[in-house]
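Only one structure is covered here, and it is reproduced in the block below.
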Amino acid sequence: MSRRKRIFLSVILIIAASQIVFWAFFIYLNWGESEKVVVGATFSPYVARDNFELDPKEVLRASLDDLGIKNYRLAANWNVIEQKPGQYYFGDLDWQLSEIAKRNGSVVLAIGRRLPRWPECHDPGWLKGMEEEAVQARVLNLLKIIVNRYKNNDTIIAWQIENEPLLSLFGNCPPPDIDFLKKEVDLVRSLDSRPLVLTASGELSSWTNEAKLADWLGFSLYRTTWSPGAGITSYPLTSIYYKHRARIVKPLVKKIFVSELQAEPWERFPLTQTPLVEQKIMMNKDMIAKEVKFAKKIGVDEVFLWGVEWWYWLKEQGDDAVWNKVKEIVAENMR
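For the sequence shown, this note's numbering assigns the number 1352 to the last residue and increments by one with no breaks.
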């Protein structure tokens, strides 16, 4: 074979290989986009009552009956359940579960010390000054009490152990302790067979350590934030970034979903004291629609929106645009 022919064949092979790599990469990036996602919500009666001066029962019922939401993430706040050592109150959690059960809904119940909403660790007052080893023993006891109380409740489809427990950059909490997290996971597994959920920050966590311990992995997705130094900031990360991260840990878990999809403004001040114009810069009906579309591009099949209390408060102020947009999104994604 002449030198010219060898060069020609080499060029052809390089072009063919380049085409194969290009199309393989194209397929990789576009594989797994979801046509529809189950749209749920994280609900907190304490945010509704304390932050927005709303009736929590009215907010939850409206989200069920008007918005049509069926899937919820609830939190068993320690400072509510065990206000005094060894004395337990489940009234708030009971009525939430009851209302959702009446509509054939489902709940991922977050349990532990670090749970959704600021300050993350919802400690009862009597915990102050207690040694960390003693605190951890009390946490394990709390998990046992909660799981044994609700393990026959079919509305609960999964237990979420803590909230972003390996994240150290946010919240008034002790440093992450993966060894203790393993103890929590082992305990709950020994008490009930339902899936265990661990959650991670979409940008600030590895996902791998959480996925190794969990059945389901949830991650938070906040793309518009505020900080004192930078002001309002939008993350430049594309859906490809999250899709790639999900692909890496997918073999480790049975399900990956968005546990917190931003659908309310990042607070600089309490939202009731923030001008509506500023709120709408950070979150509005069109941005919520874009966030759901973004999640679909990642390829997840379920998202829990963050902000139902804010939507209802806006509606009570005479601005129902966000509420109606969420209603539209939920209806469009019904399966």
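Glycine included, every Cβ here is placed at the ideal spot set by N, Cα and C. Just so we're clear, the structure is a prediction, and the values are computed from it rather than from any experiment.
- Among S1061, I1117, N1094 and E1052, which one has its Cα closest to the Cα of R1078? Looking at the Cα atoms, I1117 is the closest of the given residues.
- Task: Please list, in chain order, all residues of the same chain as P1102 whose beta carbon is under 7 Å from its beta carbon, the five residues on each side excluded.
- Result: Around P1102: W1143.
- Task: Measure the C-alpha to C-alpha separation of E1345 and A1247 and round it to an integer number of angstroms.
- Result: Between the C-alpha atoms of E1345 and A1247 there is a straight-line separation of about 34 Å.
- Query: Between which two residues does the beta strand (DSSP E) harbouring T1250 extend?
  - Reply: Unbroken beta strand (DSSP E) run through T1250: G1248 to S1251.
- Task: Report the rounded CA-to-CA distance for R1240 versus P1282, giving the unit in angstroms.
- Result: So the alpha carbons of these two residues sit roughly 10 Å apart.
- Query: Do R1262 and W1224 have their C-beta atoms within less than 8 Å of each other?
  - Reply: The Cβ atoms of R1262 and W1224 sit closer than 8 Å to each other.
- Task: For the alpha helix (DSSP H) containing W1095, list its first residue and its last residue.
- Result: DSSP places W1095 inside the alpha helix (DSSP H), whose first and last residues are W1095 to I1098.
- Cβ-based neighbour list, W1340, same chain, cut-off 6 Å, excluding 5 preceding and 5 following: Non-local C-beta neighbours of W1340 in its own chain, meaning closer than 6 Å and more than five positions away in sequence, comprise W1328 and K1332, ordered along the chain.
- Message: For the beta strand (DSSP E) containing S1123, name the first residue and the last one.
- Response: For S1123, the uninterrupted beta strand (DSSP E) segment begins and ends at S1123 to I1128.
- Message: So the candidates are V1125, P1136, P1192 and M1351; which of them puts its Cα closest to the Cα of Q1153?
- Response: Nearest neighbour of Q1153 by Cα position, chosen from V1125, P1136, P1192 and M1351, turns out to be P1192.
- Query: Assuming V1320 and V1124 make a contact with CB atoms under 8 Å, what is their CB distance in whole Å?
  - Reply: The Cβ separation is near 16 Å, so there is no contact.
- Message: Comparing C-alpha positions only, which one of N1121, C1138 and G1122 sits nearest to G1129?
- Response: Ranking N1121, C1138 and G1122 by Cα distance to G1129 puts C1138 first.
- Endpoints, beta strand (DSSP E) assigned at Q1177: Element bounds for Q1177: I1173 to I1178.
- Message: Tell me which residue opens and which closes the alpha helix (DSSP H) that N1226 is part of.
- Response: Note, N1226: alpha helix (DSSP H), T1225 to L1230.
- First and last residue of the uninterrupted alpha helix (DSSP H) at S1115: Start and end: G1108 to K1119.
- When DSSP labels each residue in this structure, what does D1336 get in the three-state scheme? Correct three-state label for D1336: coil.
- Query: DSSP three-state call for A1280: helix, strand or coil?
  - Reply: Of the three classes helix, strand and coil, the one that applies to A1280 here is coil, per DSSP.
- Message: Using only CA atoms, which one of M1351, T1250 and Q1334 lies nearest to L1071?
- Response: It is Q1334.
- So, E1201 versus E1181, is the Cβ gap smaller than 8 Å? With respect to E1181, E1201 sits apart: the two C-beta atoms are not nearer than 8 Å.
- Residues bridged to S1237 by DSSP? Bridge partners of S1237: S1218 and E1277.
- Query: Should F1043 be labelled buried (16 or more other beta-carbon atoms within 10 Å of its own) or exposed?
  - Reply: Caution applies to F1043, whose pLDDT of 42 falls short of 50 and renders its modelled position unreliable; the value that the coordinates give is listed next. A residue is called buried when at least 16 other Cβ atoms come within 10 angstroms of its Cβ; F1043 does not meet this threshold and is exposed.
- V1164 burial status per 10 Å Cβ neighbour count (16 or more: buried): It counts as buried.
- Item | Cα-Cα separation between P1136 and G1188, rounded to whole angstroms | As the crow flies, the alpha-carbon of P1136 is around 5 Å from that of G1188.
- Beta-carbon gap between S1218 and S1237 smaller than 8 Å: Closer than 8 Å, so yes.
- Item | Nearest-angstrom beta carbon gap, A1065 and E1326 [assumed within contact, 8 Å] | The Cβ separation is near 4 Å, so the contact holds.
- Message: The alpha helix (DSSP H) that contains V1202, what's its start and end?
- Response: Run containing V1202: I1195 to L1208, per the alpha helix (DSSP H) assignment.
- Message: Spatial neighbours of V1205 within its chain, please: C-beta separation below 7 Å, excluding the five flanking residues on both sides.
- Response: Closer than 7 Å at the Cβ level, and outside the excluded window around V1205, lie L1160, V1164, W1176, I1178 and L1213.
- Query: Roughly how many angstroms lie between the CA atoms of L1278 and L1322, to the nearest whole one?
  - Reply: Rounded to the nearest angstrom, the gap between the Cα atoms of L1278 and L1322 is 5 Å.
- Message: So, with DSSP's three-state summary, where would you put G1142?
- Response: Reduced to three states, the DSSP call for G1142 is helix.
- Item | Residues near R1090 in its chain [Cβ-Cβ closer than 6 Å; skip 5 each side] | If we look at R1090 and ignore the five residues flanking it on each side, its Cβ neighbours are T1059, V1125 and F1321.
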